[in-house]
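One structure is given below, encoded as structure tokens.
Number of protein chains: 4
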Amino acid sequence: MGKMKKATARKRTGITAAQFNKMMYENVPLARLFGFRAISIGHGTARVRLRFHTDVTRAGGTVSGPALMGLADVALFAVVLGMIGKVEMAVTTSLTINFLRKPGPVDVIAEARILKLGKRLAVGECALYSEGDPEMVAHVTGTYSIPPR
Amino acid sequence: MGKMKKATARKRTGITAAQFNKMMYENVPLARLFGFRAISIGHGTARVRLRFHTDVTRAGGTVSGPALMGLADVALFAVVLGMIGKVEMAVTTSLTINFLRKPGPVDVIAEARILKLGKRLAVGECALYSEGDPEMVAHVTGTYSIPPR
Amino acid sequence: MGKMKKATARKRTGITAAQFNKMMYENVPLARLFGFRAISIGHGTARVRLRFHTDVTRAGGTVSGPALMGLADVALFAVVLGMIGKVEMAVTTSLTINFLRKPGPVDVIAEARILKLGKRLAVGECALYSEGDPEMVAHVTGTYSIPPR
Amino acid sequence: MGKMKKATARKRTGITAAQFNKMMYENVPLARLFGFRAISIGHGTARVRLRFHTDVTRAGGTVSGPALMGLADVALFAVVLGMIGKVEMAVTTSLTINFLRKPGPVDVIAEARILKLGKRLAVGECALYSEGDPEMVAHVTGTYSIPPR
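Given below as structure tokens:
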């Protein structure tokens, strides 16, 4: 972590997917239960996977709504931390989800991107896909409060 | 369940909290993991509890965002089924949450109510409270698609 | 206005309905076109009227959606300024509206209230009613950014 | 209009920008006041312009929030009618806007696209831009109820 802190000090570099996953598993037990894992974090983008498994299914073999909402929230959070660095006090202030199609019994991929990074508020959008299917399963927008630096 | 079906046939009576919990635990594994339990379902209202426990916490001893979103979704769903009866095909079409305050390390109570019950769409709102604290922790609105009867 | 400034300096008193209307008509031409008028601003609440007239109708004799959205936005803004005083730089950051019923060919009344007044963000909700009809026509939540003081 | 009806009868062709503008100006007086005009309607997309003029400004020379919300609503509506044809009874059921940046004193361009066209509900998203500036001014998602055919 010392390495990351130095980078942050230098130019507030964002965190990597590996750093994000480590922090997420330490701080948010649900992330492990849900089976979330950041695949990549770029400049203003992030991709996060939800592993399909029994705990997140619901009758009919589809993925439960709260699991999709949690996935999008994590992906948007990854986008924000990918830009401002490890700031544990950044918090979700609002989130809107539109459920579009019933996801299949496979992993879900979240593709999130920043819409605006302000000094105090970040806004992003996130598209969810069943792996291997180009049709969007859900669309999410979220806002995140950034603590004073 | 035979009794409920008869009642439904007669005048599409809504389901009770006990019936709702039974259905929820059978169909949605996450509901048990999260520790959701419907306390009461009235005419156009529902109250649902989220039990505070390790799995739903996050660093700092607060309740995780996805657990709050899931709780509100379940409470709104309970309101809808409390009005139209056991219709497993009713689905969430959209949900908006505003996070207002950091919940304390206690159970969270969701108080949901119907705003409109149409033929095809139901809309409700839900307030979340840390048990014993009158300040709202989060506010949610949700829309639910009702299948053709 | 001198009187108000003094009050603000003393204890950041919120503005009155009359002060709000004056400011609104000076700064927002649309407010006059739409026929908005704040009726009352209380502690954490506001009531604003939309006058029914040709410009805000749409085919079928109902009130146009954008007029309803504008009305709710103004009512929520009135709630915020009613609490923090005349701060022209407070801005809407997000707004979610659920349209519930077709409004009748009469004035629309917005009843807004604060859900959270933080240092940097205020959140409120607003119910819209056709005058004289207890059924809610639309439900709105909005968030407002408060400038550093 | 006879030509359009025939087309609709044949294969439910969507309407063109010219047909959309004609219908909009006839049915929604606000559209003229606001200065909305559909530029193009494609397969699942639409582009609509808000003419910058005094009535839609607010103090500081920026475009008023309700004008932006109205613009996005119209653009999303154009996307839907571009797919299902002239169905006057299609109505907005919900809309969420995130205001990202203060628009400049120029025309605003809305670029809307469909996310899902179901039998009963259509969902779309819309990005707003100040003309000539690549930074998004606001992001909107909206849902539209489609009447039974």
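Top line first, the protein sequences correspond to chains A, B, C and D.
In this text, residue positions in the first sequence follow the working numbering: the first is 52, and each later residue adds one.
In this text, residue positions in the second sequence follow the working numbering: the first is 52, and each later residue adds one.
In this text, residue positions in the third sequence follow the working numbering: the first is 52, and each later residue adds one.
In this text, residue positions in the fourth sequence follow the working numbering: the first is 52, and each later residue adds one.
Built from N, CA and C at the ideal position, the CB exists for glycine as well.
- For B/Glu77, the secondary structure class from DSSP, reduced to helix, strand or coil, is helix.
- Membership of D/Leu151 in any alpha helix (DSSP H) is not indicated, and neither H nor E is assigned to it by DSSP.
- For A/Leu151, the neighbours in chain D by C-beta distance under 8 Å run, in chain order, Leu166, Lys167, Val174.
- DSSP lists D/Tyr195 as the bridge partner or partners of D/Thr143.
- Going by C-alpha positions, A/Pro156 is about 8 Å away from A/Thr108.
- Counting along the chain, the unbroken alpha helix (DSSP H) around B/Phe128 starts and ends at 116–135.
- Contact with chain A is found for D/Thr147, since one of that chain's Cβ atoms lies less than 8 Å from the residue's Cβ.
- Bounds of the beta strand (DSSP E) holding C/Ala173 are 172–181.
- Excluding sequence positions up to five before and after D/Lys153, its CB lies within less than 7 Å of the CB of Thr113, all in the same chain and listed in chain order.
- Rounded to whole angstroms, the separation of the alpha carbons of C/Gly86 and C/Ile148 is 20 Å.
- Comparing alpha-carbon positions, the option among B/Leu146, B/Ile90, B/Val131 lying closest to B/Lys170 turns out to be B/Val131.
- For B/Val107, the three-state secondary structure derived from DSSP is helix.
- When the beta-carbon positions are compared, B/Thr143 and D/Thr194 stay at least 8 Å from each other.
- Chain-ordered listing is empty here: chain C has no CB closer than 7 Å to the CB of D/Asn72, the nearest sitting near 15 Å.
- Excluding five sequence positions before and after D/Ala126, the CB atoms of its chain that fall closer than 7 Å to its own CB belong to Ala97, Val99, Ala161, Ala163, Cys177, given in chain order.
- B/Pro198 and B/Ala141 do touch by the CB rule: their CB atoms are close to 7 Å apart, below 8 Å.
- Boundaries of the beta strand (DSSP E) harbouring C/Thr96: 96–101, taken from the DSSP string.
- At a cut-off of 8 Å between beta-carbon atoms, D/Thr143 makes no contact with chain B.
- Cβ neighbours of A/Met75 within its own chain (closer than 8 Å, five residues either side excluded): Ala82, Phe87, Ala89, Val125.
- Beta-bridge pairing by DSSP links C/Thr113 to C/Arg109.
- Per the coordinates, the alpha-carbon of B/Leu146 lies some 7 Å from the alpha-carbon of B/Val191.
- Listed in chain order, the non-local C-beta contacts of C/Glu186 below 7 Å within the same chain comprise Arg152, local neighbours out to five positions each way being set aside.
- Burial of D/Ala123 is indicated by the presence of at least 16 other C-beta atoms within 10 angstroms of its C-beta.
- Proximity of C/Thr96 to chain B, defined by a Cβ-Cβ separation below 8 Å, is not satisfied.
- In the DSSP assignment, A/Ile90 falls within the beta strand (DSSP E) that extends over 87–92.
- Across the structure, D/Gly121 and D/Gly133 are spaced so that their CA atoms are roughly 18 Å apart.
- Neighbours of D/Met187 in chain A, taken as residues at a C-beta separation under 9 Å, are given in chain order as Leu166, Lys167.
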